[in-house]
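First to last, the sequence lines map onto chains A and B.
Sequence positions in the first sequence follow the numbering used here and run 1 to 224.
Sequence positions in the second sequence follow the numbering used here and run 225 to 641.
Where is the CB? At the ideal position from N, CA and C, for every residue including glycine.
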Amino acid sequence: MVSPFLKLFGRSPFKLLHEHMSTVFECVKTLAPFFTAVLAENWEEAATLQEKITELENKADDLKRDLRLNLPKDLFLPVARTDLLELTSYQDYLANTAKDIAGLTLGRRMTFPPQIHGNIHHLLQSSIASAKQAYRTIRELNELLEAGFSGHEKEVIEKMLDTLHQIEHENDKIQITVYQTLYKLESTLPPVDVIFIYKIIEWLGQLADYAEKVGDRLQICISR
Amino acid sequence: MLEYGLLIIIIALAIGFVMTWGVGANDLANIMSTAMGSKSLTVPQAMMIAVIFEIAGALLNGAHVTHTIKNGIINTGLLAYSPYTLVFGMLSVLLASGTWMLFASYIAMPVSITNAIVGSIVGFGLIVLGPHAVHWHIVITIAISWICAPTISCIVSYFLFIIIKRTIFNQLSPAKSAHRAIPIYFFIVGMVLTDMTILKGLEHFHVYLSSPAKFFTMIICSLIFAIVGNLLTKKIPFDPTSKRFRQHIYVEKLFSVLMAFTACAMVFAHGSNDVAIAMGPIAAIMSIVRHNGDIANSFPHWILLFGCIGVITGLFMYGRKVIITVGTNITDLTPSRAFAATLASATTVIVSTSTGIPVSATQTLVGGVLGVGLARGIGALNVTTLRNIFMSWVITVPVAAILSVVFYYLLTYLFGA
């Protein structure tokens, strides 16, 4: 006979959530060496890194499925179940966007005009920083569970989320600068290329938006 | 001595042994689960505590509950002239609860011995003897306590955990705050342990202290306990400059020492409740047989010890494995959570058994765990399992009642009283 006590304790979703976010961040982070290779037009290296990104995205998908399957409706959790599910979705969008960026860039063997290389790099760094901050906050969630979702830990997370908002705000500004630089150059470039460069810039900015949304969901989770 | 008295006693003891074996093999593991899951005890330590405090609980505090089961639920005075009715009745109670518990274990349904025995006694009294033979006020008190005990334990553990949160985890430096607060918690556990071991033990040997004397003994013993606890926790290495999450781990280590002592209280509560309940019908049979139908007489206390032997045999033969399974699988319960849940339920059960009301130790402990969950302390609780554990008595009581009536008529048909 299985002890009724054993069945009483469901599998806690927080460790899985952390693991998922850790994989997602790993995936987003790989965009940095990927773009270094792309800007140097080292396509072999870029292809290897693109594969790595896809692999990490697949792993994140598996973890996401695992997490969702482990959240049946009859589970009593310290946070709302729907908030947790939405949080997972936004974490997942981060990895998806990273995969799309890598896929499109490699697929079209995109070259960027040298004038915006610095800008692209800057924007990418800022987006990765926002994903990193979101990841750190999720990591802190386990500590918050330890402390029973209140007190000092909650303040720590609130402060981390403030920083995340600032990073996202910076990211928006950088994105506008890149757009402006590209606008001045666009008449000298092949039109189709320009359309896709705009697309990539948009997606790079979206990374930071999703990171911010992860933070927003987390805030809703803990402020019950 | 009644005719066939010895045979009847041997049969009753045999069934009783099987039941207590089951309690030791399964139920005791539930009770130990909070301590095992929080890794507060090693398996040999858990076994030792289980043996010592189960016996202490049954011998020092079990008699009240045994009395209630023996002659508190049905009016046995009506049967003074037909002793066999009562003997067969109590035998069928044992058979009914034993069969149902075996079956329930087989289909993996959480079931409590308390619910089974009380249900079958009421069934026997109601159908065989008639409604007037049942002491309804006691039955109602017991039924209410089955709802109240888990509820009270839930509320107490909720507030206990909130207090632990406020005084330790939410502070700027959890480790420093823990150093200040832990001795107080040790003091509280000390009060419970002193009350149940020393004070109850003295009463058992007919030494009755006056209220102030009791009070002072309790305070002094609890103080000693707090000091000993403090010395034990001082041994745990700690680096005051460590980061917050290291501090949390350290605080949990402090709580695991505290939890080890709280587990003693829980096992004591279990012994004074579950063993005493299983031995209730046997005590009744013994009294009738030895005093020619007079049940009101006292029963030999060695049968409680006999019950303990059954429990320990079950524990060593099978329970050890269950305890290990439970210990390695419940990882979500940290020592601080386990402490809040266990202390709340142990005190609830001890208070209740001291007044002679049989409750379900497992259900009360589940109430305690739920309390911590409500205070946002546990990662995930299965609501379905929770409901099943609480609702099991709704099924157990009528089934056990019907079974005991069936067994009664079967026995009288076979042996024709």
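- Under the Cβ distance rule, Ala131 of chain A does not count among the residues neighbouring chain B, no pair being separated by less than 8 Å.
- Less than 8 Å divides the Cβ of Leu204 of chain A from the Cβ of Leu124 of chain A.
- Judged by DSSP secondary structure, Ile512 of chain B falls within the alpha helix (DSSP H) whose first and last residues are 500–514.
- For the region 253–271 of chain B, residues whose beta-carbon sits nearer than 7 Å to a beta-carbon of chain A comprise Ala253, Asn254, Ser257.
- In the displayed model, Asn606 of chain B falls within a strand according to three-state DSSP.
- If you look at Gln91 of chain A, you'll find it in the alpha helix (DSSP H) that goes 81–107.
- If you draw a straight line from the Cα of Gly343 of chain B to the Cα of Leu230 of chain B, it is about 27 Å long.
- Chain-ordered, the chain B residues with CB closer than 9 Å to the CB of Ser12 of chain A read Thr555, Asp556, Ile602, Gly603, Ala604.
- Close to Thr571 of chain B, with beta-carbon spacing below 9 Å, lies no residue of chain A; the smallest spacing is near 19 Å.
- Within chain A, the residues placing a beta-carbon under 7 Å from that of Asn394 of chain B are Ala147, Ser150, Gly151, His152, ordered along the chain.
- Looking at the DSSP output, Ile298 of chain B sits in a beta bridge with B:Val358.
- Annotated as proximal: Met503 of chain B and Ile527 of chain B, with beta-carbon spacing under 8 Å.
- Check the Cα spacing between Gly354 of chain B and each of B:Ile379, B:Thr300, B:Asp251: the tightest is with B:Thr300.
- In the DSSP assignment, Leu75 of chain A is bridged to B:Asn606.
- Burial of Asp251 of chain B is indicated by the presence of at least 16 other C-beta atoms within 10 angstroms of its C-beta.
- Flagged as an interface residue toward chain A: Ile613 of chain B, by a C-beta distance shorter than 8 Å.
- The C-beta separation of Val513 of chain B from Val311 of chain B comes to about 7 Å, placing the pair in contact by the 8 Å criterion.
- Any Cβ of chain A closer than 8 Å to the Cβ of Pro334 of chain B would place that residue at the interface, and such an atom is present.
- In terms of beta-carbon proximity, His472 of chain B lines the interface with chain A, with at least one pair separated by less than 8 Å.
- In the three-state reduction of the DSSP assignment, Phe439 of chain B falls in the helix class.
- Contacts between Asp74 of chain A and chain B, judged by CB atoms closer than 8 Å, involve Asn606, Val607, Thr608 in chain order.
- Comparing C-alpha distances from Ala320 of chain B to each of B:Pro307, B:Thr338, B:Gly414 shows the shortest one belongs to B:Thr338.
- With respect to chain A, the C-beta atom of Lys389 of chain B has a partner C-beta closer than 8 Å.
- For Lys64 of chain A, the enclosing alpha helix (DSSP H) covers residues 43–69.
- One finds nothing in chain B with a Cβ atom closer than 9 Å to the Cβ of Glu44 of chain A; even the nearest lies about 42 Å away.
- Judged by DSSP in its simplified three-state form, Phe462 of chain B adopts coil rather than helix or strand.
- In the DSSP assignment, Ala493 of chain B falls within the unbroken alpha helix (DSSP H) covering 468–494.
- Within the region 152–178 of chain A, no run of alpha helix (DSSP H) reaches 4 residues while sitting entirely inside it.
- Following the DSSP letters along the chain, one finds Met415 of chain B inside the alpha helix (DSSP H) bounded by residues 398–418.
- About 14 Å separates the beta carbons of Ala564 of chain B and Val590 of chain B, which is beyond the 8 Å limit, so they are not a contact pair.
- Going by C-alpha positions, His361 of chain B is about 24 Å away from Val499 of chain B.
- With a threshold of 8 Å between beta carbons, Ser223 of chain A makes no contact with chain B.
- Residues of the region 522–554 of chain B that bring their beta carbon within less than 8 Å of a beta carbon in chain A comprise Val546, Thr549, Val550, Asn553, Ile554, in sequence order.
- Residue nearest to Val247 of chain B within the set B:Thr620, B:Val491, B:Thr292 is B:Val491 (criterion: CA-CA distance).
- Within the region 235–311 of chain B, complete beta strand (DSSP E) segments of at least 3 residues are not found at all.
- Taking a 10 Å sphere around the C-beta of Met260 of chain B, we find 16 or more other C-beta atoms and assign the residue as buried.
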